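Numbering (this note's numbering), first residue to last: 17 to 200.
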């Protein structure tokens, strides 16, 4: 009987994890800021994706991806499905993802699979949360700060800027209210 229960538990545990309300594919935009890689969850205004999460990450990236990041081209990640709540709680330290030149849901070019190591969670806010100042979350980095526009809900934009010390802010990522990436 104990063996049966153990087998039942081992088989059903992954199934229970899949049933969590925040389980799904949580796409991310990948950015390079100085010598750091930043992954930002692609939020929706409502539902299980309604969270702005920014991570400092590391990964062995193909040369084509590194060149695209240097050129400030759009690079996105399509991770294997997981519960967003587990990422928020720090339970996910690594994940595998398909990396795309362009948007993974809008015809981006698949450049292969990478393993992403979560080094640090930089931001975790629900969509609609009040930002600190001027509608922006400010995240200190070694050479400056990330400025992440707070998404207030429907009709908002997803925008990330970087302001190096002593310089003007430069836009790294912008997605309009209809959540279709804008060309640079």
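We treat Cβ as the ideally placed atom computed from N, Cα and C, and that holds for glycine.
Predicted model, so just to flag it, every value in this text is computed and none were measured.
Element boundaries [beta strand (DSSP E), containing residue i]
i           : result
residue 45  : 44 to 49
residue 84  : Here residue 84 belongs to no beta strand (DSSP E); instead the alpha helix (DSSP H) covers 79 to 86.
residue 68  : 67 to 74
residue 174 : 174 to 180
residue 221 : Since the first residue shown for the chain is 17 and the last is 200, residue 221 is missing from the structure and cannot be characterised.
residue 114 : 110 to 117
residue 56  : 52 to 57
residue 91  : 91 to 95
residue 166 : Neither: residue 166 is in no beta strand (DSSP E) and is coded neither H nor E.
residue 142 : 125 to 142
residue 156 : 152 to 157
Rounded C-alpha distance that separates residue i from residue j
i           : j           : result
residue 177 : residue 51  : 16 Å
residue 112 : residue 96  : 6 Å
residue 172 : residue 107 : 30 Å
residue 141 : residue 67  : 6 Å
residue 69  : residue 57  : 5 Å
residue 91  : residue 119 : 7 Å
residue 94  : residue 149 : 31 Å
residue 182 : residue 158 : 13 Å
residue 184 : residue 138 : 22 Å
residue 146 : residue 168 : 8 Å
residue 188 : residue 88  : 7 Å
residue 114 : residue 127 : 7 Å
residue 123 : residue 190 : 18 Å
Buried or exposed (CB count within 10 angstroms, at least 16 for buried), residue i
i           : result
residue 55  : buried
residue 165 : buried
residue 99  : buried
residue 175 : buried
Integer-rounded CB distance, given that residue j should sit under 8 Å from residue i
i           : j           : result
residue 130 : residue 109 : Wrong, their Cβ atoms sit about 15 Å apart, outside the cutoff.
residue 136 : residue 48  : No, residue 136 and residue 48 are not in contact; Cβ-Cβ is about 16 Å, not under 8 Å.
residue 75  : residue 132 : 5 Å
Segment limits, alpha helix (DSSP H) that includes residue i
i           : result
residue 102 : 100 to 104
is_contact[residue i, chain D] using C-beta, thresh 7 Å
i          : result
residue 51 : Absent from the structure: chain D. Only one protein chain is present.
Residue i beta carbon near the ligand ADP (any heavy atom closer than 6 Å)
i           : result
residue 183 : The ligand ADP is not among the ligands present in this structure, which contains no ligands whatsoever.
**Asked** Pairing CB atoms from the region 82 to 97 with CB atoms from the region 152 to 160, are three or more of them under 8 Å?
**Response** no
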